[in-house]
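Participant: The opening residue of the sequence shown carries number 1 in the UniProt record's numbering; numbering runs sequentially from there.
In this text, a Cβ means the ideal position worked out from N, Cα and C, and glycines have one as well.
The following block contains the structure, expressed as structure tokens.
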Amino acid sequence: MHKISTPDEPAAAQIVFDDFAKVDIRAGLIVSAEPFPEARKPAYRLAIDFGPAIGVKKSSAQITELYTLEELVGRSVMAVVNFPPRQIGPVRSEVLILGFPDEAGRIVLAAPAGTVPNGARLA
């Protein structure tokens, strides 16, 4: 599990652009959202379409406090698509969906502000 940071924390150590360029962040469209009752913390199972080059990838997300299953389908999100898959209980998570914690620690999804094609890479 990755650590959730707070606004009071200083920025991470500087990196060079080549380090950032290795992280492949893409826009995708959630095409299905299901309950994930086997998760230790409340979570959903998601399928996200990243376009023809990458396809539909699966992930789990602990976003049950702010989002319902119904409102997630059709929503654009941003995710890291080039991490190795992780087994989370019975789910093989293939991408890391991005978000920011609000003041209560609930995750707010990161998404493009406008319409972009599925699979568009963060530039």
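Should the segment 10-21 be regarded as contacting the segment 46-60, the criterion being three or more beta carbon pairs within less than 8 Å?
Facilitator: no
Participant: Based on Cα-Cα distance, which residue from ALA113, ALA120, LEU122 and GLU94 lies nearest to ARG45?
Facilitator: GLU94
Participant: If we require 3 or more residues per run, which beta strand (DSSP E) segments fall completely within the UniProt domain "TRNA-binding" (19-123)?
Facilitator: 25-35, 44-49, 56-61, 76-80, 86-88, 91-93, 99-101 and 107-109
Participant: Report the rounded CA-to-CA distance for MET1 versus GLY89, giving the unit in angstroms.
Facilitator: With a pLDDT of only 43 at MET1, under the threshold of 50, the placement of this residue in the model should not be trusted; the figure read from the coordinates follows. The straight-line gap from Cα to Cα measures roughly 13 Å.
Participant: Can you give me the C-alpha to C-alpha distance between PRO35 and LEU66, rounded to a whole angstrom?
Facilitator: 14 Å
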